[in-house]
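Have a look at the structure below, then the notes.
So, in structure tokens, the structure goes:
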């Protein structure tokens, strides 16, 4: 299994564990609790500009279809609220 698939699998686990915040409003309301932010690479430029204001690492290597399949919901923005899992995913990207 490649790192890309491992990351998507970890997102699914985080969703089942309740460690995911998704959707633009939820992301902004919970921005202080988010350690890693996934932004679909097919999101609008306006939305991407707004999201960049949150000072957390942003991963934009996946499209909305991949992110949605990983968590079982149609989403373009996903915030990870578990620091350990966020660090694991960051290590898989490097």
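In our numbering, the protein residues as written are 505 to 598.
Where is the CB? At the ideal position from N, CA and C, for every residue including glycine.
- With distances taken from CA atoms, which of 586, 593, 598 and 594 is nearest residue 534? Position 30 of the chain shown, counted from the start, is the residue given in the question as residue 534. Nearest C-alpha to residue 534: 586.
- Message: Are the CB atoms of residue 524 and residue 582 within a distance shorter than 8 Å?
- Response: Position 78 of the chain shown, counting from 1, holds the residue named residue 582. Position 20 of the chain shown, counting from 1, holds the residue named residue 524. Contact flag set, yes.
- Query: When you compare only the Cα positions, how much space is there between residue 560 and residue 528?
  - Reply: On the chain shown, position 56 is the one that residue 560 refers to. On the chain shown, position 24 is the one that residue 528 refers to. For residue 560 and residue 528, the distance between alpha carbons rounds to 15 Å.
- residue 538 vs residue 547 beta-carbon contact at 8 Å: In the chain shown, residue 538 corresponds to position 34, counting from 1. In the chain shown, residue 547 corresponds to position 43, counting from 1. Not in contact: residue 538 and residue 547 (Cβ atoms no closer than 8 Å).
- Message: If you measure between the beta carbons of residue 563 and residue 556, is that distance less than 8 Å?
- Response: Indexing the chain shown from 1 puts residue 563 at position 59. Indexing the chain shown from 1 puts residue 556 at position 52. Inclusion of residue 563 and residue 556 in the CB contact set at 8 Å is not warranted, their separation being larger than that value.
- Helix, strand or coil for residue 524, going by three-state DSSP, please let me know. Position 20 of the chain shown, counted from the first residue, corresponds to residue 524. In the three-state reduction of the DSSP assignment, residue 524 falls in the strand class, which pools E and B.
- Query: Who are the Cβ neighbours of residue 574 in its own chain at under 6 Å, not counting the five residues just before and after it?
  - Reply: Here residue 574 corresponds to residue number 70 of the chain shown, with the count starting at 1. Closer than 6 Å at Cβ, skipping near neighbours: 512, 515 and 516.
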